[in-house]
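This report refers to the structure that appears directly beneath it.
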Amino acid sequence: MGREHSDAAEEVIARGIPVGYFAHSANNRGEWHDLREHLGAVARLARQFAESFAAGEWAELAGLWHDLGKYQADFQRHLKGEKRHVDHAVIGAALARRAGGSRGYPLAFAIAGHHGGLADRAGQDSLSPRALDERLNDGMSTLEQISSALPADLAGHTIPQWPARLQDRHASKDVLRSVELWTRFLFSALVDADFLDTEAFFEPDRRTAVQGFDAISTLRARLDSYLDAIQAKAPATEVNRVRAEVLTACRAKAQSPPGIFTLTVPTGGGKTLAAMAFALRHAERHHLDRVIVAIPYTTIIEQSVAVYRSALGQANVIEHHANLDPETETERNRLASENWDAPVIVTTNVQLFESLFANQPSRCRKLHNVARTVIILDEVQTLPSGFLLPILEALRELSFNYGCTVVLSTATQPALRARDTLPSGFTDTIEIAPSPPSLFERLRRVEVDWDRLTSNPLPWEQLANELLGHERVLAVVHRREDARALTKLLPVDGRFHLSALMCARHREATLARVRETLRGSGPCRLIATQLIEAGVDIDFPVVYRALGGLDSVAQAAGRCNREGKPQRGKVVVFRAPTLPPGGTPRQALQVTETILRESNDGPDISDPHVYEGFFRGLYFGQNLDTEQIQTLRQEWRFATVARRFRLIEDGLTYQIVVPY
C-alpha cells in the first residue's frame, strides 16, 4: 500500500474521532484499544490485502468505516460493562449504502457482516441471519444521529467505481455473480485485517510462530535439488523414464503465462512432485504468492504432506483439513491455517471450495490469499457433479480476474471444456504432459479382465474363495458394509480392511501394516472402498474392482503393478451383489454399462481419450447445480449459498470419540 494512502487515512481519522473512544476493552497490560488506531491499522492492512485483486481503495474504505458504529456513547458504555445492545457494524454499512447507492452494496455487505457473517440481501428464513436490507433500514436513523459529528471527508467519502469487468453489463446474471465473488474477497481482506489488528493488540507475540517461511525461489531450488537427487539414483526403468519426461515437461511449461492447465499422467507417473515443480517454478516466474494443493480425500492428504515436507522442509508446508490431530498440530500450522499466509498450503477440496462460497469471517478470511496463487486440483475427476457449475465458474473467475493459475491433475481427465451442456466449462486449457496417449501406452502395466461381467452378480462367498487363490490381492467394493461383509469371509491371517468409517489414525496404521506386509513374504489381502483409489501409494499384483464408473476402474488399476514390473498386473472387474450408492456413483455405473455394450473387448483404460466420452456421458442430462447455487449467487444471498454449498452434507456428519 502506498504511504500516501495510509497517511491520508490516519489524518482523516485523527481529525474526525476525538481521543477517548475505544475499539476494544483493556488487554492484559491494562491498555484500551484506541478506536482511531484500530480503524487506521485495519484500513492499511485491508488495502494491502486487496491490492492483489485490484480492490485496495475499496478495502481501505471498508477498514475506515467498519467500526464507525463504536463512535457512540452507548457502545462505549457497553465496553465498560453496561448491558447495552449496539449493532455497531451496521453504521458503516449504512454509510456505504447512502454514499454509493447500489454501487455501495459490496462495502455494505462486508462491513455489516464483519462479525456475524455475510447475510442475504433480502428475504428471511429461520436458518439465516437478518437480511442486509432490513438491517440497513434500521441503521440509517442511527447513522443520521452520529454522522453530523464526523468530518465530511470521513463520512462523505466517494464510493469508488466498480472494477471495469463488473461495469460492462450491470444487470446481467454472470456479472451479478462476479460481484458476489468480489464482495466475498473484499470481505476477506477486511475481516483478516480486523482479526490481525485485534490479535496484535491482545496477543502481540502470537504471530511470531508464523514468521520465517522460505521464499518461493528458495523452495523451487530446494525441490529441484531433491528431484535431481532422486533421478540420479533411480534405476533405468520405463516407469522412471516416463517420470523424468513428465518432470522435464512440467519445468518447461512453467514458463507459460498464467491460465488453466491440465496435467494428464497415468497413475504412478510422478504427478505429485512434478505438479509441485511446475507450480513453484511458475509462481517464481510470474511473481505469484503461494501454491495451494487441494486433495479430494483426507485419506491421502497425510501421504502428500509427508512427501512435500520431505522435499521442501517441515516448516514450509501447511496442512489444513478437518482430520488434523489437535494433539500433534503445531501452533505454526494452526495459525497459518487461519488465513493461508504461507508459501505452500495442502488442503482438501471441501476446505477450498466451501471457503469460496462461505459467509462466516473465520472461513472467509483466507480468501484474499487465494488470489495470485497456483492451485493444483489433485484427482480433479472427483469434483462432485452436483456442484460442478458453481465450482467451474469460480475457477474461471480465479484465473481470469484474481491472477490464479489452475492445474487440473489426474490420470482420468474429466470433460470440463465449455460446450452447450457445460457453459461454465473452460474455453482453453494447456496440457502440461508430453503426449499423454504415448505416456499411457508406455505405462501399460496391467491387463483388465472384463469377461467376469456376466448378467449375474458375483456372490461375496464366491469372490472370497477367488481372493484366497491370490497371496497378494486388493479388492475394491462400493460400500462400507460390502467391505465389512467380504472381509469377514476371509481368514484373519493377512486380512486387512479399510474404509472411510475408520478414523484417520486407524487408516494410517492399517496402510502402514499393509505396506509392511507387502514387503515381507506372507499373505496380504486388502478389502477397501474407493478411498484407496485416489492417489494412495500402494502396489498389488492383482486387483479386483466392483463394476462402477470407468474412472474408478482406472484408479483401482493404478494400485496394480505401479512400478511396471515385466509381468503385467491383473485387474478383474466383477459385478457386485450390491449397486453403488445413488446419485453420481449410480449414474457412473450406468454410463460404464453403455460403454461396455458398445465395445467388443471392453474399453481400453490405457487410452486417455476414453475418459472424455465417459465424463461427457456422465454429465449429460445431470443437474450440475443441484442446490441452485448460481441463482442464489446472482441474488446476493450469501448466507443461503453458504448453507447449501456443502460438499459433505452436515446432516450426515457426526463428531464422535473413538477408542483408537
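Quick note, the sequence shown lines up with residues 457 to 1116 if you use the numbering used here. The beta-carbon is built from N, C-alpha and C at its ideal position, and this holds for glycine as well. As the structure is a computational prediction, the values presented were derived from the model and not from experiment.
Which listed residue (LEU599, GLY1058, GLY569 and LEU563) has its alpha carbon closest to that of PRO585: GLY569
Any 3 or more C-beta pairs closer than 8 angstroms across the region 1058-1077 and the region 767-779: no
Beta-bridge pairing of LYS709 - partner residues as DSSP gives them: Paired residue(s): none; LYS709 is not in a bridge.
As assigned by DSSP and simplified to three states, the class of VAL631: helix
GLY1025, DSSP secondary structure in three states: strand
Exposure of PHE1076, with buried meaning 16 or more beta-carbon neighbours within 10 Å: exposed
CB of GLU989 within 7 angstroms of CB of ALA1012, strictly: yes
ALA1185, buried or exposed, once every other Cβ within 10 Å from all chains shown has been counted against 16: This structure does not reach residue 1185, given that the chain is present from 457 up to 1116, and the question cannot be answered.
DSSP bridge partner residues for THR720 (one or two, in chain order): THR866
Touching by the beta-carbon criterion (3+ pairs, under 8 angstroms), the region 953-970 and the region 874-888: no
Assigned secondary structure, THR877 (DSSP; H/G/I helix, E/B strand, else coil): coil
Beta-carbon proximity list for SER793, same chain, < 7 angstroms, skipping 5 on both sides: ILE774 and HIS776
Bridge partner(s) assigned by DSSP for CYS959: DSSP lists no partner for CYS959.
Whether HIS613 touches LEU517 by CB criterion (7 angstroms): yes
Stretch pair the region 669-684 + the region 844-856: three plus CB contacts closer than 8 angstroms: no
The region 557-572 contacting the region 628-646, beta-carbon criterion three pairs below 8 angstroms: yes
Contacting residues, own chain, Cβ-Cβ under 7 angstroms from GLY1118 (five flanking each side not counted): Given a span of 457 to 1116 for the chain in the structure shown, any question on residue 1118 remains unanswerable.
Paired residues, beta bridge with ILE748 - DSSP: ILE801 and ILE831
Opening and closing residue of the beta strand (DSSP E) in which ILE1009 lies: The sequence shown places Val at residue 1009, not Ile. Taken as a continuous stretch (DSSP letters only), VAL1009 belongs to no beta strand (DSSP E), being part of the alpha helix (DSSP H) at 1006-1013.
Where the alpha helix (DSSP H) containing ILE1104 begins and where it ends: Here ILE1104 belongs to no alpha helix (DSSP H), and DSSP marks it neither H nor E.
THR1198 - partner residues in DSSP beta bridges: The chain is shown from 457 up to 1116; residue 1198 falls before or after that span and cannot be answered.
Assigned exposure category for LYS629 - 16 Cβ within 10 Å defines buried: exposed
Bounding residues of the alpha helix (DSSP H) (the contiguous stretch that carries GLU590): 588-603
Beta-bridge partners of LEU495, as assigned by DSSP: Per DSSP, none; premise fails for LEU495.
Span separating the alpha-carbon of SER879 from that of LYS526: Position check: residue 879 holds Pro in this sequence, whereas Ser was assumed. Spanning the two alpha carbons is a distance of roughly 46 angstroms.
Three-state secondary structure assigned by DSSP to PHE478: strand
PHE443 in three-state terms, based on DSSP: With the chain running from 457 to 1116 in the structure shown, residue 443 is simply not present.
Residue range of the unbroken beta strand (DSSP E) whose run includes HIS522: It is not in any beta strand (DSSP E) - HIS522 carries neither H nor E in the DSSP assignment.
GLU937 - DSSP class collapsed to helix/strand/coil: helix
Where the alpha helix (DSSP H) containing CYS820 begins and where it ends: 817-820
Neighbourhood of LYS944 by C-beta, 6 angstroms cutoff - its chain only, sequence neighbours within 5 removed: none
Nearest candidate by alpha-carbon position, reference ALA550, set ASP594, ALA920, PHE651 and GLU740: ASP594
4-residue-minimum alpha helix (DSSP H) runs that sit fully inside the region 650-706, ordered along the chain: 672-689
Close beta carbons around ARG819, own chain, < 6 angstroms, minus the five adjacent residues each side: SER811
Nearest residue (CA-CA) to LEU1006, options ARG503, ILE1051 and ARG971: ILE1051
Rounded straight-line distance, which links the Cα of ALA984 to that of LEU652: 44 angstroms
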